[in-house]
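In this note's numbering, the protein residues as written are 1 to 331.
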Amino acid sequence: MRPPGCCCGRPARDPAATARSWGFDWSCGDKPCPAREFPDAGTMHRIGDEQRNVIDQAVEAALKLPGMAGGGKGARRRLLVTNLNVRDGRILDGHPSIDPSNYAIARLGELSGRFTAFFSNDPACFEPAALEDFDAICFNNTFGVLTEDKARQQGLLDFVRGGKGFVGIHAAAATFCQYPRYDQFPEFGRMLGGYENGGHPWGPKETITLTPEDAESPLNAPFGGKDFEIQDEVFQMKDHYSRDRLRVLLRINLEKSDFGPERRILAERRADRDIAISWIREEGKGRVFYTSLGHNPHLFWNPPVLGHFHAGIRYALGDLAADATPRPLPA
């Protein structure tokens, strides 16, 4: 197994510094780590001590919520996180929530003891040899066609279908496509459970009410079976989204949220009144967790939401059992 501190296997130059920076040491010995070419994937120095303290407190509170201590046996899992954003072949900065969310993910793993997060924005991470040492990969607000290499694209699918896991956060549903085209890698959209291609009917500053649909799921335990309000940008799913292929965990409660005619709602979503926010599904022998939450930074110091993320990550890692049997929209 590769030593901690570096996902390419070489010991970091300063292990103590690596531990202090939660694995965001971008050098390996005297050579740059090939799996860490772009240091944007986890530049925690861009968030200050005050924000770190707020996130630390929220993570600690999240891990004390009901159901957060259950399951999980054996060795700590390994999660590879990328937040690569690409448009027309150019690398972009991405969502403002990326830095606090990277830190929150790292701390969830560290404080729970259930996983270690490694971060990279190098498309070479999709090579089978690079993926083999990880239990799951997380697309944290990724965007665009991350790689056009068909072998690497297939390597990602094979990784999940072979028994590993995939976590998609927010703009992961706008990945491996570039509006107005959605045909660059349609197998990814099918694996994820849907592509975001219907605009944003609710903006980041608007309040919506969410309903935890599966009260028995450990991923919904932090919400205590109650509806809750939240502010975040909402995605609509069209291509490849079907309740025949996934198990919805959270959806927008349209009785308690503004669903007026001025909203930019897809015709099929206005007809079925089904705007899902989080779900899980099985892909071959593997596990997929997706949530459209995560545009706004403040969600990453919201304890129940962090608990939901943590349980979803653990599900994808194979560290937490959950029923992924598809089921229809409740009457």
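Idealized CB from N, CA, C, for every residue including glycine. Remember, predicted model here, so these are calculated numbers, not experimental data.
The three-state reading of DSSP puts residue 177 in coil, since its state is none of H, G, I, E or B.
In this structure residue 93 is exposed. Its beta-carbon is surrounded by fewer than 16 other beta-carbon atoms within 10 angstroms. The C-alpha of residue 317 lies about 7 Å from the C-alpha of residue 164. By the C-beta density criterion, residue 269 is buried, having at least 16 other C-beta atoms within 10 angstroms.
Take residue 185, set aside five residues on each side of it, and the residues of its chain with a beta-carbon closer than 6 Å to its own are 153 and 176, in chain order. Across the set 169, 133 and 285, the C-alpha of 285 shows the shortest separation from the C-alpha of residue 162. Residue burial annotation: residue 57 is exposed, with fewer than 16 other C-beta atoms found within 10 angstroms of its C-beta. DSSP places residue 140 in the strand class (E or B) of the three-state scheme. DSSP places residue 279 within a strand segment (E or B) once states are collapsed to three. Looking at the DSSP output, residue 87 bridges to 90. Looking only at 228, 218 and 238, the smallest Cα-Cα distance to residue 320 is reached by 218. Shown here for residue 257: same chain residues with a beta carbon closer than 7 Å to its own, the five before and five after excluded, namely 208 and 209 in chain order. With fewer than 16 other CB atoms across the displayed protein chains lying within 10 angstroms of its CB, residue 261 is exposed. Look at residue 229 here: in three-state DSSP terms it is strand.
In this structure residue 124 touches residue 130 by the C-beta definition: roughly 6 Å separates them, less than 8 Å. Pairwise C-beta distances place the region 192-206 out of contact with the region 106-120, as fewer than three of them are shorter than 8 Å. Nearest in C-alpha terms to residue 329, of all of 305, 274, 288 and 295, is 274. For the pair residue 281 and residue 190, the Cα-to-Cα distance works out to about 11 Å. DSSP places residue 237 in the strand class (E or B) of the three-state scheme.
Within the region 108-138, the complete beta strand (DSSP E) segments of 3 residues or longer fall at 115-119, listed in chain order. Taking residue 205 as reference, the option from 55, 298 and 102 with the minimal CA-CA separation is 298. In this structure, the alpha-carbon of residue 106 lies about 5 Å from that of residue 117.
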